[in-house]
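The opening position of the sequence shown corresponds to residue 40 in the working numbering, with each subsequent residue numbered one higher.
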Amino acid sequence: MKNKLSSNDVHEKVRRKYAEISCSIRDRFKYPTGREGLLMLGYDLQGAGAIPEGIIESFCGVGNPFSLGPVRHGDIVLDAGCGGGFDVVTASHFTGPEGRVYGIDLVPEMAEKARRNIVSMGLSNCEIQAAALEAVPFNDNTFDVIISNGTIYLSPLKEKSLREVYRVLKPGGCFQFADVVLNDDLPEKVVACFDGWSG
Ligand SMILES: C[S@@+](CC[C@H](N)C(=O)[O-])C[C@H]1O[C@@H](n2cnc3c(N)ncnc32)[C@H](O)[C@@H]1O
Numbered sequence: 040m041k042n043k044l045s046s047n048d049v050h051e052k053v054r055r056k057y058a059e060i061s062c063s064i065r066d067r068f069k070y071p072t073g074r075e076g077l078l079m080l081g082y083d084l085q086g087a088g089a090i091p092e093g094i095i096e097s098f099c100g101v102g103n104p105f106s107l108g109p110v111r112h113g114d115i116v117l118d119a120g121c122g123g124g125f126d127v128v129t130a131s132h133f134t135g136p137e138g139r140v141y142g143i144d145l146v147p148e149m150a151e152k153a154r155r156n157i158v159s160m161g162l163s164n165c166e167i168q169a170a171a172l173e174a175v176p177f178n179d180n181t182f183d184v185i186i187s188n189g190t191i192y193l194s195p196l197k198e199k200s201l202r203e204v205y206r207v208l209k210p211g212g213c214f215q216f217a218d219v220v221l222n223d224d225l226p227e228k229v230v231a232c233f234d235g236w237s238g
């Protein structure tokens with residue numbers, strides 16, 4: 040299936056859409072988000088410590104990357120497409136202060152929201168950058184675990200994004216991601232429109 044939108048078009052439209060979602064997530068998704076989504080996906084909201092309601096509300100992931108494998112004490116973790124930062128905060132609960140958790144998000148407003156959320160929790164082992172999955176701003180072999188939740192499907196250059204993930208993952212590290220997949224090709228007219236692209 041060929042994407043009719045250019046990579047720049049997709050990035051620009053994702054920026055616009057998620058800048059709005061960073062202000063209000065209400066009625067923006069066809070699947071459960073926030074607390075309802077987290078409970079449906081099996082997140083342990085008690086075990087993850089006391090997470091403020093505002094951070095819980097910002098969750099719009101499509102699965103639970105922590106159900107795929109452990110994040111260990113002291114791990115260096117990347118959340119690729121961190122949104123409002125719920126999974127960053129959750130990962131930092133597992134790494135403890137000896138580990139570090141980095142989040143990147145294409146959309147500056149979303150990255151800023153995650154930054155504010157982390158500051159509000161007083162977490163000093165987390166850091167957020169506005170950056171694209173297609174050009175991850177870290178050195179080769181940096182991370183023990185990379186998580187991603189509902190982001191790769193939004194990348195117009197999926198192979199490039201996955202190569203970037205592989206590049207910054209340490210040998211033997213784990214990539215634990217949840218995403219949206221197509222079982223079949225989409226009709227042409229859906230491929231040509233951004234809402235079809237982004238679900
Ligand atoms: C469905 S939301 C999921 C956010 C977060 N992972 C969560 O679970 O709440 C997708 C996120 O991916 C970000 N995103 C989309 N395309 C991206 C790209 N090419 N590189 C980095 N982030 C991207 C969006 O800005 C948005 O915050």
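Glycine included, each C-beta is placed from N, C-alpha and C at the ideal position.
Everything numeric in this text was worked out from a predicted model, so none of it was measured.
Check: Same chain, Cβ closer than 6 angstroms to TYR192, neighbours up to 5 away in sequence not counted; Outcome: ASP218, VAL219
Check: Environment of PRO104 [buried if 16+ CB atoms lie within 10 Å]; Outcome: buried
Check: DSSP-derived helix/strand/coil call for GLU137; Outcome: coil
Check: Meets three-Cβ-pair contact criterion under 8 angstroms: the region 138-158 and the region 79-87; Outcome: no
Check: Residue span of the alpha helix (DSSP H) that contains SER10, given as start and end; Outcome: Examination of residue 10 is not possible in this model, given that the chain is present from 40 through 238 alone.
Check: C-beta atoms of CYS165 and SER131 nearer than 8 angstroms; Outcome: yes
Check: ASN150: first and last residue of the uninterrupted alpha helix (DSSP H) it sits in; Outcome: Correcting the residue identity first, residue 150 is Ala in this sequence and not Asn. Segment 147-159, the alpha helix (DSSP H) holding ALA150.
Check: DSSP state of PRO104 mapped onto helix, strand, coil; Outcome: helix
Check: Proximity test, TYR205 beta-carbon vs ligand 1 heavy atom, cut-off 7 angstroms; Outcome: no
Check: Best match in ASP144, PRO109, LEU77, GLU203 for proximity to GLU173 [C-alpha to C-alpha]; Outcome: GLU203
Check: Buried versus exposed, by CB contacts within 10 Å (16 or more), VAL158; Outcome: exposed
Check: Residues with C-beta closer than 5 angstroms to any heavy atom of ligand 1, in chain order; Outcome: VAL53, TYR57, PHE98, CYS99, GLY100, GLY120, GLY122, ASP144, LEU145, VAL146, MET149, ALA171, LEU172, ASN188, GLY189, THR190, LEU193, SER194
Check: Supposed contact pair PRO91 and MET160 - C-beta distance, whole angstroms, cut 8 angstroms; Outcome: 7 angstroms
Check: Close Cβ partners of SER194 (< 6 angstroms) along its chain, the five nearest in sequence each way excluded; Outcome: LEU172, SER200
Check: Residue burial classification, CYS232 (beta-carbon count within 10 angstroms, cutoff 16); Outcome: exposed
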